[in-house]
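Per the numbering used here, the very first residue in the sequence shown carries number 1; after that it's consecutive. For glycine and all other residues, C-beta sits at the position ideal for the given N, C-alpha and C. Let me begin by presenting the structure, written as structure tokens, before commenting on it.
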Amino acid sequence: MEPILEVKNLSKYYKNEKVIDNINMKVFKGDIYGFIGPNGAGKTTTIKTILRLLKPSSGEVFIGGKNVLKNGENNPSDIGAMIDYPSFYNNLSGYKNLMLYANVLNLSKKRVYEVLELVKLMEDKDKKVSNYSMGMKQRLAVARAFLSKPRIVILDEPTNGLDPEGVRDMRDLIKKLARENGTTFIYCSHILNEVQNICNRVAMINKGRIIIEDSMENMLKSANSLEDYFMKAVGL
């Protein structure tokens, strides 16, 4: 099977410091692919380079077999992302926030309604974002990432600040979208129990290098939990 996303020999230097070093990853259609590592390991730099927010020092990124680093422009249907803290105009409704983004992408009102329905925010679409709970803001961010019907969605700490019910709702939403839409997810989180519960494959990065890329099933054959496996892998 050909990967939908393949990262080859990706490196990034800042002055004389090598932040990521020869990163190689393969992500397949429908994967919920966990990307984990200690703080400062290079996760964010890798993700931002895949998204073309940073220019790599060397290496290639292929989406659907196409080298996106050589392509002149991003294709919104290739990849969507929710990185950092969800940022919206608090004085506008959830619906109006999405419409602003949809207008930039030349998307219809119908598509905005579709993603609001997808993340179960239709009933709250006319509320100002300032009145949204953290869980609602996270779901609105997922809706924004899905507007262009991307094949791949990157989620960075999607359960940050959520209560247990919100965590469960986010997990169920991601699994549903992967199962029913065939959407591929890259799921970055420090909550290893949540990664274990949702991801089918995992890559671990430490000191700028991928140290392991394997199925969750294989990892759990040699450890009681992903946390135990991770601690041994990074020498903690």
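Query raised in the report: Could you check where the alpha helix (DSSP H) with residue 173 kicks off and where it finishes?
Result: 164-181
Query raised in the report: What is the DSSP secondary structure of residue 111, counted as helix, strand or coil?
Result: helix
Requested in this report: Report, in whole angstroms, the separation of the C-beta atoms of residue 142 and residue 119, which I expect to be a contact under 8 Å.
Outcome: 5 Å
Query raised in the report: Which residues in the same chain as residue 139 place their Cβ atom closer than 8 Å to its Cβ, once the five residues preceding and following it in sequence are excluded?
Result: 119, 120, 121, 169, 170 and 173
Query raised in the report: Got a sec, what are the start and stop residues for the alpha helix (DSSP H) residue 51 sits in?
Result: First-last for residue 51: undefined, no H or E at that position.
Query raised in the report: For residue 194, which residues from the same chain have a beta carbon less than 8 Å from its beta carbon, with the 5 sequence-adjacent residues on both sides left out?
Result: 159, 167 and 171
Requested in this report: Starting from residue 34, follow its DSSP beta bridges and name the residues at the other end.
Outcome: 187 and 202
**Report entry** Span of the beta strand (DSSP E), counted from its first residue to its last, around residue 59
**Finding:** 58-63
Requested in this report: Within the same chain, show all residues whose beta-carbon is closer than 7 Å to that of residue 199, passing over the 5 residues directly before and after it, in chain order.
Outcome: 32, 33, 34, 187 and 216
Query raised in the report: So residue 64 packs on residue 205, CB below 8 Å; how close in whole Å?
Result: With a Cβ gap of about 24 Å, residue 64 and residue 205 do not count as contacting.
Requested in this report: Find the nearest neighbour of residue 22 within the set 61, 90 and 95, judged by alpha-carbon distance.
Outcome: 61
Report task. Less than 8 Å between the CB atoms is what I'm expecting for residue 49 and residue 12, so what's the real figure, rounded? Result -> 6 Å
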